[in-house]
Amino acid sequence: MTDDITDLSGSNARGRSVDASELAKFEAMAAEWWDPNGKFKPLHMLNPVRLDYITSRIAAQFGRDARSLRPFEGLRILDIGCGGGLLTEPMARLGAEVTGVDAVERNIEVARVHAAQQGLDIDYRATTAEAIAEEGGQFDVVLALEIVEHVVDPADFIATCAALTRADGAMIVSTLNRTAKSFGAAIIGAEWIMRWLPRGTHEWNRFITPDELAAMMAQAGKPAVDRRGMVFNPIRWDWSLSDRDLSVNYIITGVDAG
Ligand SMILES: C[S@@+](CC[C@H](N)C(=O)[O-])C[C@H]1O[C@@H](n2cnc3c(N)ncnc32)[C@H](O)[C@@H]1O
Ligand SMILES: [Mg+2]
Numbered sequence: 001m002t003d004d005i006t007d008l009s010g011s012n013a014r015g016r017s018v019d020a021s022e023l024a025k026f027e028a029m030a031a032e033w034w035d036p037n038g039k040f041k042p043l044h045m046l047n048p049v050r051l052d053y054i055t056s057r058i059a060a061q062f063g064r065d066a067r068s069l070r071p072f073e074g075l076r077i078l079d080i081g082c083g084g085g086l087l088t089e090p091m092a093r094l095g096a097e098v099t100g101v102d103a104v105e106r107n108i109e110v111a112r113v114h115a116a117q118q119g120l121d122i123d124y125r126a127t128t129a130e131a132i133a134e135e136g137g138q139f140d141v142v143l144a145l146e147i148v149e150h151v152v153d154p155a156d157f158i159a160t161c162a163a164l165t166r167a168d169g170a171m172i173v174s175t176l177n178r179t180a181k182s183f184g185a186a187i188i189g190a191e192w193i194m195r196w197l198p199r200g201t202h203e204w205n206r207f208i209t210p211d212e213l214a215a216m217m218a219q220a221g222k223p224a225v226d227r228r229g230m231v232f233n234p235i236r237w238d239w240s241l242s243d244r245d246l247s248v249n250y251i252i253t254g255v256d257a258g
């Protein structure tokens, strides 16, 4: 059950969003975070397109010029479920003051070592969103990328992310849609055929539709202002953003209703 983590290494954070069996999957893969051909290959492939999206949304929200040298100087960004820091590091490079949080201690160790090698100053913590919220943490931007399908109660988790986001801030959430196509692409394609991910990494019934996620964000006071699909093109072998096709991977930005 969610409270019983005694069968793990004991290095994982507790919190009501934590599903111990989900954490065990990431704990087992921790060493591979920065291997572009390892088990996180899909995230490495996805990284440029989601970085483009996130950078332009943050620049728009805060009136920054995304092409300047350090456009996010002065912004506080929280990356929840940061893993090895694939998206955390570019945020720091763009000048933001970045906190990366992951419930798996081993991920945080890997992230810290890699950031140090890159000469990046990132505040990495092995904890949960709810623990940061209890401390009263407030951020200009909260990122929750590819994590909501792994937490115990997605609506509760989204509410915590929203509480961590300042009134004039933005939260950006990416995940997998629950469609026949996502079963084919994310489970059969990525796990069974391509073997990019170990079998069982994703559970299709935990995937969330864009409407469900948007409803959770609206309920949490950060209604969706923008949603895009992230689409893999097997002929060009690359990813692009789409206004129309949110059938597999997608990303949503929420800002204050007022
Ligand atoms: C698919 S990975 C995504 C990593 C990173 N956000 C990225 O997109 O590159 C999901 C991450 O969420 C972490 N995680 C899962 N449940 C969590 C929870 N309840 N609180 C904090 N982190 C969690 C896992 O340890 C894992 O590193
Ligand atoms: Mg995932």
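Be aware that the sequence shown starts at 1, since it is given in UniProt numbering, and climbs by one per residue.
Glycine included, every Cβ here is placed at the ideal spot set by N, Cα and C.
From a predicted model like this one, the values you see are computed outputs, not experimental measurements.
* Nearest residue (CA-CA) to Arg16, options Met45, Arg166, Thr175 and Asp153 -> Ranking Met45, Arg166, Thr175 and Asp153 by Cα distance to Arg16 puts Asp153 first.
* **Residue from Met45, Glu105, Ala31 and Phe62 whose Cα sits closest to the Cα of Arg236** => If we check each option's Cα against that of Arg236, Met45 comes out closest.
* Asked: Mind checking whether Gly169 and Val148 have CB atoms under 9 Å apart?
  -> No, they are not a contact pair.
* Asked: Which same chain residues, not among the five before or five after Thr179, have their C-beta less than 6 Å away from its C-beta?
  -> The beta carbon of Thr179 is closer than 6 Å to those of Ser247 in its chain, skipping five residues each way along the sequence.
* To do: Measure how close the beta-carbons of Gly84 and Ala66 come, nearest whole angstrom, since I'm counting them as under 8 Å.
  => By a beta-carbon distance limit of 8 Å, Gly84 does not contact Ala66. Their separation comes to about 24 Å.
* Asked: Which stretch, first to last residue, makes up the beta strand (DSSP E) that contains Leu87?
  -> Taken as a continuous stretch (DSSP letters only), Leu87 belongs to no beta strand (DSSP E), as it is neither H nor E.
* Nearest candidate by alpha-carbon position, reference Glu27, set Trp34, Asp35, Pro36 and Asn12 -> Ranking Trp34, Asp35, Pro36 and Asn12 by Cα distance to Glu27 puts Asn12 first.
* To do: Taking only the alpha-carbon atoms, compute the straight-line gap between Arg166 and Gly136 and give it to the nearest angstrom.
  => For Arg166 and Gly136, the distance between alpha carbons rounds to 11 Å.
* Asked: With a Cβ-Cβ cutoff of 9 Å, do Arg206 and His150 count as a contact?
  -> The answer is yes: Cβ separation under 9 Å.
* Measure how close the beta-carbons of Glu146 and Ser174 come, nearest whole angstrom, since I'm counting them as under 8 Å. => At roughly 6 Å, the Cβ-Cβ gap stays under 8 Å, so Glu146 and Ser174 are in contact.
* Asked: Between Thr127, Trp239 and Arg228, which lies nearest to Arg106 when the distance is taken from Cα to Cα?
  -> Comparing Cα-Cα distances from Arg106 to each of Thr127, Trp239 and Arg228, the minimum goes to Thr127.
* Given a threshold of 16 other Cβ atoms within 10 Å of its Cβ, counted over all protein chains shown, does Gly74 qualify as buried or as exposed? -> Classification of Gly74: exposed, given that the 10 Å Cβ count is below 16.
* Asked: Shortest alpha-carbon distance to Arg244 belongs to which of Arg227, Ile80 and Arg125?
  -> By alpha-carbon distance to Arg244, the top candidate from Arg227, Ile80 and Arg125 is Arg227.
* Would you mind sorting Glu130 into buried or exposed? The rule is 16 or more other CB atoms within 10 Å of its CB. => Residue environment analysis places Glu130 among the buried positions, since at least 16 neighbouring C-beta atoms fall within 10 angstroms of its C-beta.
* To do: Output yes or no for whether 9 Å exceeds the beta carbon distance between Thr201 and Glu212.
  => No; because the gap between Cβ atoms is not below 9 Å, this pair is not in contact.
* Kindly indicate which three-state DSSP category Asn205 falls into: helix, strand or coil? => Asn205: helix per DSSP, three-state reduction.
* Proximity below 9 Å, CB of Gly254 to CB of Leu241 -> It is not a contact, given that the beta carbons lie outside the stated cut-off.
* **Extent of the continuous beta strand (DSSP E) to which Ile172 belongs** => Its beta strand (DSSP E) spans residues Thr165 to Leu176.
* Tell me, please, which residues DSSP counts as bridged to Gly100. => In DSSP, Gly100 forms a bridge with Asp79 and Tyr124.
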